[in-house]
Amino acid sequence: MVNCMGMIFDRIFNFCSYQGLNCPAGSACTGGILRKSLPAGKRRVFFAMLAAEMLLFVGSVFPVMAQGLAVPGEMDMEAGSAVPGEMDMAAEQAIPEETVVVVLDPGHGGENLGAEYEGYTEKNMTMAVAKAMKEELEKYEGIRVYLTHDTDRDMSLEERAEYARQMDADFLFCLHFNMSEEHNKFGAEVWVSAFGDKYQKGYTFASVEMDLLEQEGLYSRGIKTRLNEAGEDYYGILRHATAKDVPAALIEHCHLDQANDQDFYNSEEKIKQFGILDATAAAKYFGLRSESLGVDYSNYKNVEIPEPAMPVKPDTSEPDVCMIEVGDVDGRTGEVTINVTAADYDSYILYYSYSYDGGETFSDLQRWEPRGNDSLTFVMKVPSDMIPEAVVNVYNGYDKVTESNHVALPSMRYEEVLEAGNMTAKSNAGSRGAGTEAGAAGEAGQAGAGNGAAGEAGQAGEGTAGKSGAGSAGSGPAGGTGAEGSGRREGTGGSNSGAEGGREGMAGGYEGGMGGRGDASGPAGKSGPSVWYFLQVSFVCAGILFALVVTARLLTGSRWGRHAPSGNSKKKRRRK
Numbered sequence: 002m003v004n005c006m007g008m009i010f011d012r013i014f015n016f017c018s019y020q021g022l023n024c025p026a027g028s029a030c031t032g033g034i035l036r037k038s039l040p041a042g043k044r045r046v047f048f049a050m051l052a053a054e055m056l057l058f059v060g061s062v063f064p065v066m067a068q069g070l071a072v073p074g075e076m077d078m079e080a081g082s083a084v085p086g087e088m089d090m091a092a093e094q095a096i097p098e099e100t101v102v103v104v105l106d107p108g109h110g111g112e113n114l115g116a117e118y119e120g121y122t123e124k125n126m127t128m129a130v131a132k133a134m135k136e137e138l139e140k141y142e143g144i145r146v147y148l149t150h151d152t153d154r155d156m157s158l159e160e161r162a163e164y165a166r167q168m169d170a171d172f173l174f175c176l177h178f179n180m181s182e183e184h185n186k187f188g189a190e191v192w193v194s195a196f197g198d199k200y201q202k203g204y205t206f207a208s209v210e211m212d213l214l215e216q217e218g219l220y221s222r223g224i225k226t227r228l229n230e231a232g233e234d235y236y237g238i239l240r241h242a243t244a245k246d247v248p249a250a251l252i253e254h255c256h257l258d259q260a261n262d263q264d265f266y267n268s269e270e271k272i273k274q275f276g277i278l279d280a281t282a283a284a285k286y287f288g289l290r291s292e293s294l295g296v297d298y299s300n301y302k303n304v305e306i307p308e309p310a311m312p313v314k315p316d317t318s319e320p321d322v323c324m325i326e327v328g329d330v331d332g333r334t335g336e337v338t339i340n341v342t343a344a345d346y347d348s349y350i351l352y353y354s355y356s357y358d359g360g361e362t363f364s365d366l367q368r369w370e371p372r373g374n375d376s377l378t379f380v381m382k383v384p385s386d387m388i389p390e391a392v393v394n395v396y397n398g399y400d401k402v403t404e405s406n407h408v409a410l411p412s413m414r415y416e417e418v419l420e421a422g423n424m425t426a427k428s429n430a431g432s433r434g435a436g437t438e439a440g441a442a443g444e445a446g447q448a449g450a451g452n453g454a455a456g457e458a459g460q461a462g463e464g465t466a467g468k469s470g471a472g473s474a475g476s477g478p479a480g481g482t483g484a485e486g487s488g489r490r491e492g493t494g495g496s497n498s499g500a501e502g503g504r505e506g507m508a509g510g511y512e513g514g515m516g517g518r519g520d521a522s523g524p525a526g527k528s529g530p531s532v533w534y535f536l537q538v539s540f541v542c543a544g545i546l547f548a549l550v551v552t553a554r555l556l557t558g559s560r561w562g563r564h565a566p567s568g569n570s571k572k573k574r575r576r577k
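Mapping the sequence shown onto the numbering used here, position 126 (from 1) lands on 127, and the numbers just tick up by one.
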């Protein structure tokens with residue numbers, strides 16, 4: 002501006018000199034003009050020239066002023082580089098070096114809906130989380146917060162990462178929710194870059210984030226990396242952010258399609274709570290303080306993660322160990338205790354599921370807790386009226402599966418036995434029979450007489466066992482006894498023949514020993530024939546046998562007496 006004014010006065014001075022209007026040295030040209038009158042014609046020319054110079058001055062200075070007053074936030078919206086209103090007039094000033102700059106990226110948007118489940122759409126949820134996170138973070142001192150977009154519109158992953166780079170962001174937070182193909186997974190996880198300091202910074206923040214999510218009750222699926230076939234970060238936002246030298250983390254808050262997680266997002270307030278939690282994690286990571294919130298994280302100690310020299314590759318193999326043993330078997334309720342031993346030497350065991358029908362169907366996924374343990378015990382409920390076979394699947398942190406060995410179990414018919422026992426109890430009120438304790442599994446007095454010996458479960462390759470199962474008779478409520486029943490099938494080597502023989506043996510003993518009503522050790526069964534009945538049958542059979550013997554003697558005795566030669570007669574004939 003000063004230079005322009007100087008140019009104008011120089012031109013006025015030259016005009017005056019040309020017209021013969023000498024200005025004293027060191028005095029202003031206008032002063033000289035005022036001291037010496039001009040003819041009317043020359044005065045008009047002078048003022049016209051002066052007006053033209055002023056217009057040139059204004060035209061040259063105004064664009065410079067307009068450029069100096071431009072707001073950085075009014076950038077090209079079509080390129081997705083800025084958001085209106087995100088950067089106010091204070092953005093004209095340089096950001097102090099100690100100020101933290103973060104960019105929040107609400108996942109999806111526009112035609113990209115993200116996950117959808119039971120009326121919830123991911124793009125709407127991530128936007129609500131991002132705005133709540135921004136509002137909470139702005140309560141802390143020393144931080145600037147920007148959103149990649151605050152309206153529902155399409156935006157490429159590279160544009161999001163580029164915006165973070167333009168803002169010179171210290172961190173890019175990518176906010177998402179999850180779903181699984183089989184709708185059986187649950188829990189929260191954080192994905193980070195696999196490379197260098199981006200892995201170090203991403204993992205450090207993710208450790209804070211996962212601690213807070215676990216405190217809320219969400220199950221931790223872990224902090225993980227994933228690579229594509231080219232050996233780069235699999236997730237595009239992490240790949241582009243790493244290429245632009247911006248640390249980033251992709252937060253999957255929970256699964257929308259699993260009952261375990263639905264209580265964490267089923268209201269607007271709960272969704273916003275995720276944003277507040279994310280903001281708290283960021284504040285702890287950067288060591289921020291807030292007078293309005295009354296918190297100071299300046300002394301917060303982050304975990305120390307070394308910077309890896311090589312890419313941190315994910316675990317692509319199945320768990321290394323998975324074995325089960327059967328503990329207690331309660332034939333009255335169908336409850337079976339299973340002891341599992343499992344380990345994954347490259348990551349960790351995350352879930353398990355179980356089956357009682359040999360793997361035809363499996364339970365929902367269950368938490369493997371505590372996470373660091375290599376063994377776990379649980380109780381499996383087996384339905385009645387079946388011969389069960391137990392097997393367990395374990396999953397590692399990358400959802401790879403290993404199946405356990407199979408274990409055959411005793412026959413389960415507790416509902417049928419209880420129903421029969423109840424009917425007998427009603428018809429024979431007051432009387433109780435003693436159920437006999439039987440069966441190799443130690444089950445007490447099932448069906449009055451009890452189960453037969455179950456036979457040793459023939460494991461694959463050694464199935465030669467198959468002990469016979471015999472159900473001993475139990476006295477019934479009416480004084481009768483249950484007929485003794487037995488069942489036997491020999492295991493003949495290989496596969497599970499021994500196990501099958503054991504199950505058949507137990508079933509035979511079980512069915513044969515249905516007499517009598519069990520006491521507290523066994524459920525009630527049907528009443529059998531009395532002891533007096535067996536005595537009567539025995540006497541009748543003995544009488545019939547005796548009569549047959551006597552009759553036979555009478556019919557054959559006389560014939561033998563008349564015709565049978567004596568020993569002396571034989572000798573006499575030989576002498577002749």
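Note that CB positions come from ideal geometry on N, CA and C, so glycine has one too.
Open item on the list: Taking its Cβ as the centre, do 16 or more other Cβ atoms sit within 10 Å of residue 259, making it buried, or is it exposed?
Closed with: As a working mapping, residue 259 is identified with position 258 in the sequence shown. Result: buried.
- [ ] Take residue 306 and list the residues in its own chain whose beta-carbon comes closer than 6 Å to its own, dropping the five residues that flank it on each side.
- [x] As a working mapping, residue 306 is identified with position 305 in the sequence shown. The answer, listed in chain order, is 201, 204, 205.
- [ ] For residue 382, write down the residues that DSSP places opposite it in a beta bridge.
- [x] For the purposes of this step, residue 382 is identified with residue 381 of the sequence shown, where counting begins at 1. Answer is 336.
TODO: Have a look at residue 385 and residue 336 and give me their C-alpha separation to the nearest angstrom.
DONE: Working through the sequence shown from its first residue, we reach residue 385 at position 384. Working through the sequence shown from its first residue, we reach residue 336 at position 335. When rounded, the distance between both Cα atoms is 10 Å.
Task: Proximal residues to residue 285 (C-beta, below 7 Å), its chain only, five neighbours per side dropped - done: Residue numbering aside, residue 285 sits at position 284 when the sequence shown is read from its first letter. For residue 285, where only same-chain residues beyond five positions count, the Cβ hits under 7 Å are 209, 298, 301.
Open item on the list: Am I right that residue 256 and residue 186 are in contact with their C-beta atoms under 8 Å? What's the rounded C-beta distance?
Closed with: Residue 256 sits at position 255 when you count from the first residue of the sequence shown. Residue 186 sits at position 185 when you count from the first residue of the sequence shown. 6 Å between Cβ atoms; contact.
- [ ] Can you tell me the Cβ-Cβ gap for residue 578 and residue 397, rounded? I've got them flagged as a contact below 8 Å.
- [x] There is simply no residue 578 to check, as the chain begins at 2 and stops at 577 in what is shown.
Task: Per-residue DSSP class, three states only, for residue 326 - done: Numbered from its first residue, the sequence shown carries residue 326 at position 325. Residue 326 falls in the strand class under three-state DSSP.
- [ ] Would you mind listing the alpha helix (DSSP H) stretches within the stretch 226-280 that are 4+ residues and don't spill past its ends, in chain order?
- [x] 237-244, 260-263
Open item on the list: For residue 310 and residue 231, I'd like the C-alpha separation in whole angstroms.
Closed with: Here residue 310 refers to the residue found at position 309 of the sequence shown. Here residue 231 refers to the residue found at position 230 of the sequence shown. Approximately 18 Å, taken between the alpha carbons.
Task: Collapsed DSSP secondary structure at residue 374 in the structure displayed - done: If you number the sequence shown from 1, residue 374 lands on position 373. Residue 374: coil per DSSP, three-state reduction.
TODO: Find the nearest neighbour of residue 194 within the set 169, 129, 218, 225, judged by alpha-carbon distance.
DONE: Mapped onto the sequence shown, residue 194 falls at position 193. Selected option, being the one with the closest Cα: 225.
- [ ] Under 6 Å Cβ to Cβ from residue 128, same chain only, skipping five residues before and after it: list those, please.
- [x] Stepping through the sequence shown from its first residue, residue 128 is reached at position 127. Only 107 meet the Cβ criterion.
Open item on the list: Give me the residue from 166, 125, 100, 150 with the minimum Cα distance to residue 138.
Closed with: In the sequence shown, the residue the question calls residue 138 occupies position 137. Nearest of 166, 125, 100, 150 to residue 138, Cα basis: 100.
Task: Cβ of residue 192 within 8 Å of any chain C Cβ - done: Chain labels in this structure do not include chain C; a single protein chain is all it has.
- [ ] Below 8 Å on the Cβ atoms is my guess for residue 376 versus residue 363; work out the distance and round it to an integer in Å.
- [x] Numbered from 1 along the sequence shown, position 375 holds the residue referred to as residue 376. Numbered from 1 along the sequence shown, position 362 holds the residue referred to as residue 363. The pair is not a contact, with the Cβ atoms about 20 Å apart (cut-off 8 Å).
Task: Backbone secondary structure at residue 221 - three-state DSSP - done: Counted from its first residue, the sequence shown places residue 221 at position 220. Here residue 221 sits in strand by DSSP.
Open item on the list: Does the structure place the stretch 115-129 close enough to the stretch 173-189 that three or more beta carbon pairs sit under 8 Å?
Closed with: yes
Open item on the list: Give me the DSSP bridge partner(s) of residue 107.
Closed with: Translated into the one-based positions of the sequence shown, residue 107 becomes position 106. The partner list for residue 107 (beta bridge, DSSP) reads 176.
- [ ] Below 6 Å CB to CB, which residues in the same chain sit around residue 536 once its five sequence neighbours on both sides are set aside?
- [x] In the sequence shown, the residue the question calls residue 536 occupies position 535. Counting only Cβ-Cβ distances below 6 Å, and skipping sequence neighbours, we find nothing.
Open item on the list: Can you find the residues in the same chain that come closer than 7 Å, C-beta to C-beta, to residue 170, ignoring five residues on each side of it along the sequence?
Closed with: Within the sequence shown, the letter at position 169 stands for residue 170. Excluding positions up to five away in sequence, the list reads 102, 103, 104, 247.
Open item on the list: Can you check which of these residues, 241, 329, 343, is closest to residue 382 by C-alpha distance?
Closed with: Working through the sequence shown from its first residue, we reach residue 382 at position 381. Ranking the options by Cα distance to residue 382, first place goes to 329.
TODO: With a threshold of 16 other CB atoms inside 10 Å of the CB of residue 434, please say whether the residue is buried or exposed.
DONE: For the purposes of this step, residue 434 is taken as residue 433 along the sequence shown, with counting starting at 1. Bear in mind that the predicted position of residue 434 carries a pLDDT of just 40, short of 50, making it unreliable; the figure below should be weighed with that in mind. Buried, since its Cβ has 16 or more Cβ neighbours within 10 Å.
Task: Contact under 8 Å by Cβ, residue 290 with residue 136 - done: Along the sequence shown, read from residue 1 onward, the residue named residue 290 stands at position 289. Along the sequence shown, read from residue 1 onward, the residue named residue 136 stands at position 135. Result no, Cβ atoms of residue 290 and residue 136 do not sit closer than 8 Å.
Task: For residue 325, the nearest candidate out of 341, 313, 316 (CA to CA) - done: Here residue 325 refers to the residue found at position 324 of the sequence shown. The shortest C-alpha separation from residue 325 is found at 341.
- [ ] For residue 131, I'd like the list of residues in its chain whose CB is within less than 7 Å of its CB, leaving aside the five on either flank, ordered along the chain.
- [x] Along the sequence shown, one-based indexing puts residue 131 at 130. Excluding residues within five positions, the ones whose Cβ falls inside 7 Å are 105, 107, 148, 176, 276.
Task: Within 8 Å, strictly: CB atoms of residue 214 and residue 189 - done: Residue numbering aside, residue 214 sits at position 213 when the sequence shown is read from its first letter. Residue numbering aside, residue 189 sits at position 188 when the sequence shown is read from its first letter. Cβ atoms of residue 214 and residue 189: closer than 8 Å.
Task: DSSP beta-bridge partners of residue 122 - done: Counting from one through the sequence shown, the residue named residue 122 turns up at place 121. 117.
Open item on the list: Considering Cα atoms alone, identify which of 278, 172, 221 is closest to residue 243.
Closed with: Reading the sequence shown from its first residue, position 242 is the one you call residue 243. The shortest C-alpha separation from residue 243 is found at 172.
TODO: Provide the residue(s) that pair with residue 343 in DSSP beta bridges, ordered along the chain.
DONE: Position 342 of the sequence shown holds residue 343. Per DSSP, 323.
Open item on the list: Cutting at 7 Å between CB atoms, please list the residues of its own chain near residue 321, excluding the five before and the five after it.
Closed with: Here residue 321 corresponds to residue number 320 of the sequence shown, with the count starting at 1. If we look at residue 321 and ignore the five residues flanking it on each side, its Cβ neighbours are 344, 345, 346.
Task: Spatial distance of residue 534 from residue 548 (CA atoms) - done: Position 533 of the sequence shown holds residue 534. Position 547 of the sequence shown holds residue 548. Distance between the alpha carbons of residue 534 and residue 548: 21 Å.
- [ ] From the DSSP output, in three-state form, read off residue 156 for me.
- [x] The residue you call residue 156 lines up with position 155 of the sequence shown. Coil at residue 156, not helix or strand.
Task: Bridge partners - residue 193, DSSP secondary structure assignment - done: Locating residue 193 in the sequence shown gives position 192, where the first residue counts as 1. In DSSP, residue 193 forms a bridge with 250.
Open item on the list: Just list the residues that DSSP pairs residue 408 with in beta bridges.
Closed with: To locate residue 408, count along the sequence shown from 1; it is residue 407. Residue 408 is bridged to 391.
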